[in-house]
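Numbering (the UniProt record's numbering), first residue to last: 1 to 298.
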């Protein structure tokens with residue numbers, strides 16, 4: 001017996017006949033009779049006494065209706081609330097991102113989001129360890145690589161760009177750092193991933209690529225720690241633009257080896273949005289996606 005069957009009994013009592021219910025539901029009156037007969041067979045009782053003028057509840061039918069009425073009311077409220085969560089930004093939104101991206105890109109934008117959507121609560125899981133999106137009930141993840149296991153929607157949030165940067169104090173006393181080969185004269189601050197700590201790739205305007213070995217005595221994680229070390233004058237570092245844009249604008253860090261694109265993996269780097277379904281995107285998830293896309297250049 002489904003929800004429509006339960007509400008059917010209530011509709012018959014309210015409207016007074018199978019025909020009236022059939023008109024309201026847009027079905028044949030005989031189908032209403034078959035459903036009622038099926039319910040009566042399942043319960044082994046008669047629910048209605050059929051008179052020439054209208055349907056009257058039997059004693060058993062009246063008792064049954066009294067019992068199911070609170071249930072159908074509660075089910076209807078549950079359906080309405082579920083639809084509201086799907087269509088309107090409300091409820092708890094669980095976000096996942098790397099530690100540094102969460103701290104430096106997402107957190108500074110939360111005040112504006114929370115002001116715009118006061119009925120959405122935020123739970124942020126910011127970590128450089130692999131997060132199980134299902135087990136951790138993640139509604140929306142931001143990944144710095146598009147490879148995701150499982151049936152998820154992967155959509156680009158924004159392109160990213162890496163730069164070799166160093167503090168002005170470091171550059172004032174260090175050897176020149178103008179061309180890719182100059183990095184050999186420096187001890188870089190390195191990320192523990194294999195490609196990031198062994199060589200950096202440089203590409204010029206003619207698409208010539210130089211695979212330049214790098215070395216250093218300081219290996220740090222997460223990327224925010226590398227940024228802090230670069231600001232402290234400990235050496236050059238390879239960092240994403242979304243992390244250091246403010247430092248460059250304030251003159252705390254300077255871009256080195258200008259005129260070359262640089263990366264440790266691929267030259268097409270980006271931040272990606274990952275979420276479970278394109279067909280049923282809750283309002284809270286859609287609101288955050290739109291907000292992050294609108295605020296990505298802030």
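The beta-carbon is built from N, C-alpha and C at its ideal position, and this holds for glycine as well.
Computed from a predicted model, the values in this text were never measured in an experiment.
DSSP-derived helix/strand/coil call for residue i
i: residue 121; result: strand
i: residue 185; result: helix
i: residue 202; result: strand
i: residue 12; result: helix
i: residue 31; result: helix
i: residue 45; result: coil
i: residue 179; result: coil
i: residue 194; result: helix
i: residue 169; result: helix
i: residue 272; result: strand
i: residue 91; result: strand
Among the options, nearest to residue i - alpha-carbon criterion
i: residue 43; options: 64, 199, 292 and 239; result: 64
i: residue 45; options: 5, 61 and 238; result: 61
i: residue 152; options: 8, 16 and 279; result: 279
i: residue 228; options: 159, 272, 205 and 252; result: 252
i: residue 222; options: 214, 112 and 192; result: 192
i: residue 101; options: 4, 89 and 272; result: 272
i: residue 99; options: 126, 295 and 9; result: 126
i: residue 215; options: 195, 225, 187 and 208; result: 187
i: residue 290; options: 12, 18 and 112; result: 112
i: residue 172; options: 161, 217, 233 and 220; result: 233
Buried or exposed (CB count within 10 angstroms, at least 16 for buried), residue i
i: residue 264; result: buried
i: residue 268; result: exposed
i: residue 235; result: buried
i: residue 31; result: exposed
i: residue 133; result: buried
i: residue 213; result: exposed
i: residue 226; result: buried
i: residue 167; result: buried
i: residue 130; result: exposed
i: residue 27; result: exposed
Neighbourhood of residue i by C-beta, 6 Å cutoff - its chain only, sequence neighbours within 5 removed
i: residue 274; result: 141, 143, 148, 152 and 154
i: residue 284; result: 89, 91, 93 and 120
i: residue 163; result: 255
i: residue 95; result: 124 and 140
i: residue 138; result: 94 and 96
Cβ neighbours of residue i in the same chain (closer than 7 Å, five flanking residues each side left out)
i: residue 40; result: 46 and 47
i: residue 179; result: 257
Bridge-paired residues (DSSP) for residue i
i: residue 126; result: 97
i: residue 218; result: 189
i: residue 233; result: Residue 233 is not bridged to any residue.
Same chain, Cβ closer than 8 Å to residue i, neighbours up to 5 away in sequence not counted
i: residue 69; result: 10
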